């Protein structure tokens, strides 16, 4: 089936066409750009919720239960579950998508797991592309669930309208690391598995860090809630805070500014990825070049300049 | 003073010349490449130890005590302490270089703190450049201490000959995240502050993860040690393991392979950084372009292609 008919079919809510287009985008098919260009004018109506936090914090369970409540309220929900894999072993960090199956058969929901092989930049690009497809299809909400293990969790702010940071009482390292960015991107904080000891300490640690945050007029005060996701405790409260944050950013014209900033960041990433890909594709074609350049103790900067000059000479 | 005299002066062990060249490299001076090209043939004699782990694990204290013991053994030591700052607030993640001052006045040691404003890629490049300067100056060991809060800690393997991963008994999230890479880069693991409860559990958790590691013949079995750095406990043992690892990689021809791989990675990063820098520098000169492109609901891929075409047209 060609791209045009697939795109026509997602306009008429054909889930199989959606699944095929997502696969195409995920596999970095050469037609990705054509697809994304064609569906772009259909996007912009859905709302994007990002769920991030350390491995084992219970993000899947929260995502699962959030989706159920939204469904019960008559909304449709797309879910992108991002599983970064080790750049070394290729093993999946999270394998617990099984639990998702209980809601996966519902017509109002669409779940896609995405794995990557270490390239977090590329992952962010693909997450954006898939979120656009879900948005174009017409899902009211897209939930993007991603494991935060450092810089990568900061990427979620480039894609989401509301970011929920999930930790557990034991997340000492993560709370420390929040100083380096996670704190700044969280619109809502959830201390999950809060039946365990230390949850009050975790709430206070986040509270103290949030006091260091920059304040401006109309600025949002991120709520910190306690949840026990596997017992569905606190999820209603979480949804209320998400709705309140949505209202806040729409009322204060933050939503459009955020979208515009996201577009700029996204274009920047696409440009850089394309240029770098083209650069190294050219090198591979140049079968003899690499070895010669790296011989004889030449300084890395001299080698680099030679490679750049060869690249430019090919334009 | 010109570059040539500064380079001549580091050959004659002038520490002020070294400090000035490091500052120049840190500030991304246009002459960075000239300096690095000139000193490159002086490098390759020193040994590089990377110390990484979550914030608050005691990496500075370990670095400090390691340096003291090496000094006492008649070795000279350069230290690069990398403090990534938040891409949002610019606040320093670690401010405890003060403790370093007790050893900083020793002639056999040179300490440099490096901060960054969010660009971890650029940070890795600068760390390499500064390590080259310390190596060229003639320091027997260069210790690179860097806060690991995700992908960034994986960078240390691109610079170091031996990587020490430091955690604390409470580092539950970090041990989880190790599945995603940290485990693969550690040559030695230290559970610091091991007087606290849970240290045996932390050792076992690492042990279990290491069992999943790929094995090949001649492969190194990473030791897991317990330290109490602020009481100087376990540091002798750590040095013994570092020496053993050094011997292992030299005896098994791993050292040269590692260096060669590091050179390739480094050249790749330099090429990409330079090309991307040039790309956006051109855009800023093009005062009217940006706004027009981003208007009118054009798809991000269309905007990106237009920017790339404009860039190429300028060659």
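Protein chains in written order, with our numbering: chain C, 75 to 389; chain R, 75 to 389.
In this text, a Cβ means the ideal position worked out from N, Cα and C, and glycines have one as well.
Computed from a predicted model, the values in this text were never measured in an experiment.
- Output yes if chain C places a C-beta closer than 8 Å to the C-beta of residue 337 (chain R); else output no. yes
- Measure the Cβ-Cβ separation of residue 137 (chain R) and residue 247 (chain C) and say whether it is below 8 Å. no
- Query: Looking only at DSSP bridge pairs, what is residue 155 (chain R) linked to?
  - Reply: R:187 and R:219
- Message: If we define contact as Cβ-Cβ less than 8 Å, is residue 340 (chain R) a contact residue for chain C?
- Response: Closer than 8 Å to some Cβ of chain C, the Cβ of residue 340 (chain R) qualifies, so yes.
- Message: Give me the DSSP bridge partner(s) of residue 262 (chain C).
- Response: C:238
- Query: Using a C-beta cutoff of 8 Å, does residue 384 (chain R) count as contacting chain C?
  - Reply: no
- Message: When you compare the CB of residue 114 (chain C) with every CB in chain R, is at least one pair closer than 8 Å?
- Response: Chain R, which has a Cβ nearer than 8 Å to the Cβ of residue 114 (chain C), makes this yes.
- Message: With H, G and I counted as helix, E and B as strand and the rest as coil, what does DSSP make of residue 104 (chain R)?
- Response: Coil at residue 104 (chain R), not helix or strand.
- Query: Is it right to say residue 271 (chain R) is buried, meaning 16 or more other beta carbons lie within 10 angstroms of its own, or is it exposed?
  - Reply: exposed
- Item | Proximal residues, the stretch 94-128 of chain R versus chain C, C-beta separation under 7 Å | For the stretch 94-128 of chain R, which is checked against every Cβ of chain C, the residues closer than 7 Å are 107, 110, 111, 114, 115 and 128.
- Message: By the three-class DSSP mapping on this structure, what secondary structure does residue 54 (chain R) have?
- Response: This structure cannot settle anything about residue 54 (chain R), because the visible part of chain R is limited to 75 through 389.
- Query: residue 151 (chain C) to residue 306 (chain C), Cα distance in whole Å?
  - Reply: 18 Å
- Query: Going by alpha carbons, who is nearest to residue 310 (chain C) out of C:104, C:221, C:139 and C:94?
  - Reply: Selection C:104, C:221, C:139 and C:94 evaluated against residue 310 (chain C) yields C:139 as nearest (Cα-Cα).
- Residues of the stretch 365-376 of chain R with Cβ closer than 9 Å to any Cβ of chain C, in chain order: 367, 368, 371, 372, 373, 374, 375 and 376
- Query: Around the Cβ of residue 331 (chain C), are there at least 16 other Cβ atoms within 10 angstroms (buried) or fewer (exposed)?
  - Reply: Answer is exposed; the Cβ neighbour count stays below 16.
- Item | Alpha-carbon spacing of residue 185 (chain R) relative to residue 156 (chain R), whole angstroms | 11 Å
- Item | Sufficient close CB pairs (3 or more, under 8 Å) joining the stretch 270-284 of chain C to the stretch 317-332 of chain C | no
- Are the C-beta atoms of residue 200 (chain C) and some chain R residue less than 8 Å apart? no
- Task: Indicate whether at least one CB of chain R lies closer than 8 Å to the CB of residue 244 (chain C).
- Result: Closer than 8 Å to the CB of residue 244 (chain C) there is at least one CB belonging to chain R.
- Item | Under 8 Å from the C-beta of residue 353 (chain C): neighbouring residues of chain R | Contact annotation for residue 353 (chain C) against chain R: 345, 346 and 349 [CB-CB distance below 8 Å, chain order].
- Query: Does the beta-carbon of residue 134 (chain R) have 16 or more other beta-carbons within 10 angstroms, so that it is buried, or is it exposed?
  - Reply: buried
- Message: If I follow the unbroken alpha helix (DSSP H) through residue 84 (chain C), where does it start and stop?
- Response: 77-85
- Query: Would you say residue 212 (chain R) faces chain C, with C-beta separation under 8 Å as the test?
  - Reply: no
- Taking C-alpha atoms, which residue in C:259, C:370 and C:385 lies nearest to residue 355 (chain C)? Cα-wise, what sits closest to residue 355 (chain C) is C:385.
- Task: Name the two residues that bound the continuous alpha helix (DSSP H) containing residue 321 (chain C).
- Result: 309-325
- Message: Taking CB distances under 8 Å as the criterion, tell me whether residue 130 (chain R) reaches chain C.
- Response: So, interface residue.
- Message: Under 8 Å: do the stretch 75-92 of chain R and the stretch 101-121 of chain R share three or more Cβ pairs, one atom per stretch?
- Response: yes
- Message: I'd like to know whether the C-beta of residue 169 (chain C) is nearer than 8 Å to at least one C-beta of chain R.
- Response: Note that residue 169 (chain C) scores a pLDDT of 37, beneath 50, so its modelled location is shaky; the value from the coordinates is reported in the next line. Not closer than 8 Å to any Cβ of chain R, the Cβ of residue 169 (chain C) fails to qualify, so no.
- Residues that residue 378 (chain C) contacts on chain R, provided the C-beta gap is smaller than 8 Å: 341, 344, 345 and 348
- Distance between residue 308 (chain R) and residue 143 (chain R) (C-alpha atoms, nearest Å): Spanning the two alpha carbons is a distance of roughly 12 Å.
- Alpha carbon to alpha carbon, how far is residue 280 (chain C) from residue 335 (chain R)? Give it in angstroms, no decimals. Cα to Cα, residue 335 (chain R) sits roughly 41 Å from residue 280 (chain C).
- Which residue comes first and which comes last in the alpha helix (DSSP H) that contains residue 300 (chain C)? Where residue 300 (chain C) is concerned, there is no enclosing alpha helix (DSSP H), although the beta strand (DSSP E) it sits in stretches over 298-300.
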